[in-house]
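S.K.:
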Amino acid sequence: MSDPTTDDRTVAGIATHLLAQGAMVHRLSSALTIASLLAVLLLVLLLPPARHATVILVALAVVAGLAELWFALRVAFDARVFRLLSRGDSPDGLTLSAFDTAMGALGLMPQDKRGRPIAARLQGALRLLRWQVALLLTQVAILLVTSAIFAVLGG
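Note that our numbering gives residue 1047 to position 27 of the sequence shown, counting from 1, and the numbers run on in steps of one.
1. List in chain order: all unbroken alpha helix (DSSP H) runs of 4+ residues lying wholly within the segment 1078 to 1116.
2. What is the DSSP secondary structure of residue 1137, reduced to helix, strand or coil?
3. Does DSSP classify residue 970 as helix, strand or coil?
4. Three-state secondary structure (DSSP) at residue 1129?
5. Residue 1030: which of 1086, 1144, 1138, 1057 sits nearest, CA to CA?
6. Under three-state DSSP, which class holds residue 1174?
7. What's the C-alpha gap between residue 1090 and residue 1037?
8. Specify the secondary structure class of residue 1067 as computed by DSSP and reduced to three states.
9. May I have the straight-line CA-CA distance separating residue 1154 from residue 1126, to the nearest angstrom?
10. Do you know whose CA, among 1057, 1034, 1117, lies nearest residue 970's CA?
11. For residue 1006, which residues in the same chain have their Cβ closer than 7 Å to its Cβ, ignoring the five residues on either side in sequence?
12. Count the other CB atoms, across all protein chains shown, that sit within 10 Å of the CB of residue 1053; report buried if there are 16 or more and exposed otherwise.
As structure tokens, this is what we get:
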């Protein structure tokens, strides 16, 4: 496995900026998760037990938010790694071989994943970002459906 070429460093730099969008997704999801937690507490206190199906739906939005948090952590980690890879051999940079060695030593990368080219790593990182966005959209959909049900049933 060779270390990043100039083209690979350019791809890593662009990936850094693309993956940074995960922070915005996470901020939105965090706001929805906190609002959902508050809503669960209020609904449990204010609704009669027969209407607690609404609480379950809102709780699902919280679960989606917690899952999004895990993906947000992974996407943020990948963004930092790509930023370091984009700097290559510079004193504050990172090479692929050094990264693979460190991740292997920490037990965080299986042997078969070592030595992958930048493009394969980027595809994996983008897959995580897509999951993160999908979980945010799941939260939004759950909360919209819950709001509609709540409105139709009259609170």
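Note that CB positions come from ideal geometry on N, CA and C, so glycine has one too.
M.R.: Taking the structure as given:
1. Runs of alpha helix (DSSP H) with 4 or more residues, each lying fully within the segment 1078 to 1116, are absent.
2. Three-state DSSP puts residue 1137 in coil, outside helix and strand.
3. With the chain covering only 1021 through 1175, there is no way to say anything about residue 970.
4. When secondary structure is reduced to three states using DSSP, residue 1129 falls in the coil class, being assigned neither helix nor strand.
5. The shortest C-alpha separation from residue 1030 is found at 1138.
6. In the structure shown, residue 1174 sits in coil (DSSP, three-state: anything other than H, G, I, E or B).
7. Whole-angstrom Cα-Cα distance: 20 Å.
8. Coil, per DSSP.
9. C-alpha of residue 1154 to C-alpha of residue 1126: approximately 30 Å in a straight line.
10. It is not possible to answer for residue 970, since the shown part of the chain is limited to 1021 through 1175.
11. Within the shown structure, residues of the chain are numbered from 1021 to 1175, placing residue 1006 beyond reach of any answer.
12. By the neighbour-count criterion, in which 16 or more other beta carbons inside 10 Å mark a residue as buried, residue 1053 falls on the buried side.
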